[in-house]
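Taking it in order: structure first as structure tokens, then the write-up.
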Amino acid sequence: MLKLETSTEFVCVSLDGPYADLTGYPVYMAIVPDPSDEPDTSLYQPAAWLNGEVAYKPAGLAEGLYFVYVRITAGTEDVRLPSGRLRVGDPRK
713 MLKLETSTEF VCVSLDGPYA DLTGYPVYMA IVPDPSDEPD TSLYQPAAWL NGEVAYKPAG
773 LAEGLYFVYV RITAGTEDVR LPSGRLRVGD PRK
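The structure is reproduced here in structure tokens:
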């Protein structure tokens with residue numbers, strides 16, 4: 713859970729699976745309101761690899777629930793993976 717919309721912390725996503733080392737490939741992240749359909753390609757923003765995880769610093773997320781997607785482009789493959797929900801702020805309000 714991110715603390716508040718003014719937070720500047722990274723959102724990190726671990727990738728598990730029978731893959732080779734993916735950290736050499738470009739990676740992107742999309743954070744969309746939950747519930748939502750799979751995001752359009754234009755919504756994916758460049759992310760980075762940080763200690764083997766996909767890391768992205770979103771800006772200006774209002775309190776609420778979001779869904780996070782990760783995209784990796786490896787050669788001719790364009791892999792898009794749903795990673796889970798992200799809560800911003802206190803849901804009890």
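Counting from 1 along the sequence shown, just add 712 to a position and that's the residue number in this note's numbering.
Glycine included, every Cβ here is placed at the ideal spot set by N, Cα and C.
Small disclaimer: the values here were computed from a predicted structure and weren't measured.
- When secondary structure is reduced to three states using DSSP, L734 falls in the coil class, being assigned neither helix nor strand.
- Contact annotation: K769 and T735 have beta-carbon atoms that are not nearer than 8 Å.
- If the five residues before and after A760 are omitted, its C-beta is found closer than 6 Å to the C-beta atoms of A767, all from its own chain and listed in chain order.
- Checking the DSSP bridge columns, you'll see A774 has no partner listed.
- The DSSP-derived three-state label of L762 is strand.
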